[in-house]
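J.: So in this note's numbering the end of the sequence shown lands on 338, straight run, no missing numbers.
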Amino acid sequence: MDKKGLVVFLLVTFGLGAALLAGGQAAGFVVHDEPNIFHSLYLLAVMWVPAVGALAASLAAPGTARPLPRIWPVPAGAAARLAVAVPLLFAAAYGVNAAVTRVPPQWGLSTLLSDLEVNLAEMPEAVRGAFPGLLLGAGLASSVLLGCVFFSLCVLGLEIGWRGYLLPRLLPLGRVPAHLVSGTLWALWFLPLPVGYALLENDFASLPMTLGCGLAMALALTAFLNEIVIRRGHLGLSALALGLFVSQQDGMWPFLFPAASPPFGGTRGLLLTGMFLLAAVFARGITGRTPAPAADAETSEPAPPKSA
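Quick look at the structure:
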């Protein structure tokens, strides 16, 4: 095992990540209530810290460097299946939660319209009834587009570090141990965010549930993303899947189901965690199998005819 490279990767990734996440909250660069564009850009920049850790580890132990899995081009068929599967996983989790709690979806999107300060009474009657449905459709479609294009690029640094560098070095331990170790490390890397929020707000009552649900989701999502890379050898696909997860997490589902909340519902709930565990088990069906390499072309020249 590449011990030196792993130590450098973990030291740089956790040291720099903790400094930027915890320091950003202390300095006001990371805010939890009413985040602004600067907050979002700052966090997106921090997402590239694992890639910096991977680069530092490769420089510290050049003899153990390995080529990264392919990033581009992304297989169109697998990308299309992910663009459908990830939103369906969210829909299934929120739908099951609504059925169990008997709280129907908020089809009128009154919570979202209130946040946007939209007054339907001021709209023409022909538009008033259709507006929530149009807003919902546009929101779902735009979240998929943003997940495929914008957010997948933003989280590529995470994938280069965790799946491109760390995962191949953990796989000798076995498939399941690699999932468990990398998922736990991923959850620990994000730990400054919930702990910082609890410290700033002096609110520790919900911290155990937040940490427990966060760890469960990190393990499930890590297993899914790891399986994509193991089965397809493609970082671009895992970045696409993670980008879709982020876009759905911040998309229309919390407004369509505002009553859904942890520990069972919501974007950190156990229902969604279970859906992504199932997706990890059936990752081959979602992403397909790695195409078999083409047979090498015959390169030898035909033997010249014998002279008479």
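Backbone N, C-alpha and C fix where the C-beta goes; we use that ideal spot for every residue, glycine too. All values reported here derive from a predicted model rather than from experimental measurement.
1) Based on the DSSP output, what are the partners of R100 in its beta bridges?
2) Within 10 angstroms of its Cβ, does A171 collect 16 or more other Cβ (buried), or is it exposed?
3) In terms of alpha-carbon separation, which member of G295, L308 and A309 lies closest to V130?
4) Flag V311 as yes if its beta-carbon sits less than 8 Å from any beta-carbon of chain B, otherwise no.
5) On the three-state DSSP scale, how would you describe M77?
6) Leaving out five residues before and five after A246 in sequence, what residues of the same chain have Cβ atoms less than 8 Å from its Cβ?
7) Just verifying my parser: in three-state terms, what is the DSSP assignment at W137?
8) Identify whether N232 lies in helix, strand or coil by the three-state DSSP scheme.
9) Under 8 Å between the Cβ atoms of G107 and W219?
10) Measuring alpha carbon to alpha carbon, tell me which of L112, N127 and P162 ends up nearest L143.
11) Going residue by residue through the segment 149-173, where are the continuous alpha helix (DSSP H) segments of at least 4 residues, counting only ones entirely within it?
12) Below 8 Å between beta carbons: does that hold for G191 and A81?
13) Could you compute how far the alpha carbon of L112 sits from the alpha carbon of T317?
14) Measure the CB-CB distance between S166 and L139 and report whether it falls below 8 Å.
15) What are the start and end residues of the alpha helix (DSSP H) that includes Y124?
16) Is any heavy atom in the ligand SAH found nearer than 7 Å to the beta carbon of A109?
17) Grab me the residues of L265's own chain with a C-beta within less than 8 Å of its C-beta, minus the 5 sequence neighbours each way, in chain order.
18) Alpha carbon to alpha carbon, what distance is there between L221 and G177?
19) Quick check: A128 and A309, are their CB atoms within less than 8 Å of each other?
20) Below 7 Å CB to CB, which residues in the same chain sit around L197 once its five sequence neighbours on both sides are set aside?
21) Evaluate R96 with the Cβ neighbour count: other Cβ atoms within 10 Å of its Cβ, from every protein chain shown; 16 or more gives buried, anything less gives exposed.
22) When the Cα of L40 is compared with those of A75, V206, A253 and V79, which residue comes out closest?
23) From V311, F275 and L210, pick the residue whose C-alpha is nearest to that of F181; which is it?
24) Just confirm the distance between the C-beta atoms of A87 and G35, as a whole number of angstroms; I'd bet it's less than 8 Å.
25) Can you list, in chain order, the residues of its chain whose CB lies under 6 Å from that of F59, leaving out five sequence neighbours each side?
26) Measure the CB-CB distance between L270 and A109 and report whether it falls below 8 Å.
27) Name the residue from D32, M305, P135 and D233 whose alpha carbon lies nearest to the alpha carbon of L249.
T.: Considering the structure as presented:
1) Position 70 of the sequence shown, counted from the first residue, corresponds to residue 100. The partner list for R100 (beta bridge, DSSP) reads H264.
2) Counted from its first residue, the sequence shown places residue 171 at position 141. Looking at its Cβ environment, which holds fewer than 16 other Cβ atoms inside 10 Å, A171 is exposed.
3) Taking the first residue of the sequence shown as 1, we reach residue 130 at position 100. With distances taken between Cα atoms, V130 lies closest to G295.
4) In the structure shown, chain B cannot be found, because there is only a single protein chain.
5) The residue you call residue 77 lines up with position 47 of the sequence shown. Of the three classes helix, strand and coil, the one that applies to M77 here is coil, per DSSP.
6) As a first step, residue 246 must be located in the sequence shown, where it is residue number 216. Same-chain partners within the cutoff: L300 and T303.
7) Within the sequence shown, numbered from 1, the residue matching residue 137 stands at position 107. Three-state result, W137: coil.
8) For this step, residue 232 is matched to residue 202 along the sequence shown. N232: coil per DSSP, three-state reduction.
9) Here the question's residue 107 lines up with position 77 in the sequence shown. Here the question's residue 219 lines up with position 189 in the sequence shown. Result no, Cβ atoms of G107 and W219 do not sit closer than 8 Å.
10) Here residue 143 refers to the residue found at position 113 when the sequence shown is read from its first residue. Measuring from the Cα of L143, the nearest candidate turns out to be P162.
11) 155-158
12) Reading the sequence shown from its first residue, position 161 is the one you call residue 191. Reading the sequence shown from its first residue, position 51 is the one you call residue 81. For G191 and A81, yes; Cβs fall inside 8 Å.
13) Residue numbering aside, residue 112 sits at position 82 when the sequence shown is read from its first letter. Residue numbering aside, residue 317 sits at position 287 when the sequence shown is read from its first letter. Going by the C-alpha atoms only, they are around 7 Å apart.
14) Along the sequence shown, read from residue 1 onward, the residue named residue 166 stands at position 136. Along the sequence shown, read from residue 1 onward, the residue named residue 139 stands at position 109. Before going further, note that residue 166 is Leu rather than Ser in the sequence given. Contact: yes.
15) Here residue 124 corresponds to residue number 94 of the sequence shown, with the count starting at 1. A106 to T131 is the span of the alpha helix (DSSP H), which, as asked, contains Y124.
16) This structure lacks the ligand SAH; in fact it carries no ligand of any kind.
17) Position 235 of the sequence shown, counted from the start, is the residue given in the question as residue 265. Shown here for L265: same chain residues with a beta carbon closer than 8 Å to its own, the five before and five after excluded, namely L98, P99, R100, I101, L186, E189, I190, R193, G194 and V259 in chain order.
18) Against the sequence shown, residue 177 aligns to sequence position 147. Against the sequence shown, residue 221 aligns to sequence position 191. Taking the straight line joining both Cα atoms gives about 24 Å.
19) For the purposes of this step, residue 128 is taken as the residue at position 98 of the sequence shown. For the purposes of this step, residue 309 is taken as the residue at position 279 of the sequence shown. No, the Cβ-Cβ distance between A128 and A309 is not below 8 Å.
20) Translated into the one-based positions of the sequence shown, residue 197 becomes position 167. Only A208, S212, N256 and V259 meet the Cβ criterion.
21) On the sequence shown, residue 96 is found 66 positions in, with the first residue counted as 1. Exposed, by the Cβ-count rule.
22) Counting from 1 along the sequence shown, the entry for residue 40 is found at position 10. Nearest in C-alpha terms to L40, of all of A75, V206, A253 and V79, is V79.
23) Reading the sequence shown from its first residue, position 151 is the one you call residue 181. For the residues V311, F275 and L210, the minimum Cα distance to F181 belongs to F275.
24) Here the question's residue 87 lines up with position 57 in the sequence shown. Here the question's residue 35 lines up with position 5 in the sequence shown. A87 to G35, Cβ: 4 Å. Contact.
25) Position 29 of the sequence shown, counted from the first residue, corresponds to residue 59. Taken in chain order, the residues that qualify are Y72.
26) Counting from one through the sequence shown, the residue named residue 270 turns up at place 240. Counting from one through the sequence shown, the residue named residue 109 turns up at place 79. Contact: yes.
27) If you number the sequence shown from 1, residue 249 lands on position 219. The shortest C-alpha separation from L249 is found at M305.
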